[in-house]
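**Student:**
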Amino acid sequence: MLVVTNSIKVKPGHGKELSERFAQAKGVQDMPGFVRLEVWHEAKEGAEFEELKVCTVWENEEAFKGWTASESFRQSHRGGGSEFILGASLNKYELLISHPPVK
Numbered sequence: 044m045l046v047v048t049n050s051i052k053v054k055p056g057h058g059k060e061l062s063e064r065f066a067q068a069k070g071v072q073d074m075p076g077f078v079r080l081e082v083w084h085e086a087k088e089g090a091e092f093e094e095l096k097v098c099t100v101w102e103n104e105e106a107f108k109g110w111t112a113s114e115s116f117r118q119s120h121r122g123g124g125s126e127f128i129l130g131a132s133l134n135k136y137e138l139l140i141s142h143p144p145v146k
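Heads up, the sequence shown is in our numbering, so the first residue is 44 and it goes up one at a time.
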């Protein structure tokens, strides 16, 4: 299992607005090996920026690479809100341990 996080720094007051771009999955949900997408938002009062953390979960690295090489990926990453973005960083994490809830 692979989790890919895109941490996006956003001008204050625009985090939730930018997050709306992710409300419609725009093709990622149809990709082989895609598990889920989550968007997390942090806005600290008085901070210089807000942060969106866009997390996608994949069965493996190959599935993620298939997404980034797809036409759907290119289409979903066109403009729309880039005037609010101050910076971004991409990280990938391999799941090593997971504990499901105890029933």
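Yeah, the Cβ is synthetic: ideal placement off N, Cα and C, and Gly gets one too.
With three or more beta-carbon pairs closer than 8 Å as the criterion, would you say the stretch 68-79 touches the stretch 48-56?
**Tutor:** In short, these stretches do not touch, since the Cβ pair count stays below three.
**Student:** In whole angstroms, what separates the C-alpha of K96 from that of W83?
**Tutor:** To locate residue 96, count along the sequence shown from 1; it is residue 53. To locate residue 83, count along the sequence shown from 1; it is residue 40. If you take the alpha carbons of K96 and W83, they lie about 5 Å apart.
**Student:** Which runs of the alpha helix (DSSP H) fall wholly inside the stretch 64-132 and span at least 4 residues, in chain order?
**Tutor:** You should have 104-111 and 114-119.
**Student:** Under 8 Å between the Cβ atoms of K135 and V78?
**Tutor:** Here residue 135 corresponds to residue number 92 of the sequence shown, with the count starting at 1. Here residue 78 corresponds to residue number 35 of the sequence shown, with the count starting at 1. It is not a contact, given that the beta carbons lie outside the stated cut-off.
**Student:** If we ignore side chains and look at the alpha-carbon of each, how far apart do L138 and T99 end up?
**Tutor:** On the sequence shown, residue 138 is found 95 positions in, with the first residue counted as 1. On the sequence shown, residue 99 is found 56 positions in, with the first residue counted as 1. So the alpha carbons of these two residues sit roughly 13 Å apart.
**Student:** Determine the direct distance from the alpha carbon of W110 to that of F116, and round the result to whole angstroms.
**Tutor:** Residue 116 sits at position 73 when you count from the first residue of the sequence shown. Residue 110 sits at position 67 when you count from the first residue of the sequence shown. The alpha-carbon atoms of F116 and W110 are separated by roughly 6 Å.
**Student:** Alpha carbon to alpha carbon, what distance is there between S62 and A131?
**Tutor:** To locate residue 131, count along the sequence shown from 1; it is residue 88. To locate residue 62, count along the sequence shown from 1; it is residue 19. Distance between the alpha carbons of A131 and S62: 14 Å.
**Student:** Look at the alpha carbon of S113 and the alpha carbon of H142, and state the distance between them as a whole number of angstroms.
**Tutor:** Your numbering for residue 113 matches position 70 in the sequence shown. Your numbering for residue 142 matches position 99 in the sequence shown. Taking the straight line joining both Cα atoms gives about 33 Å.
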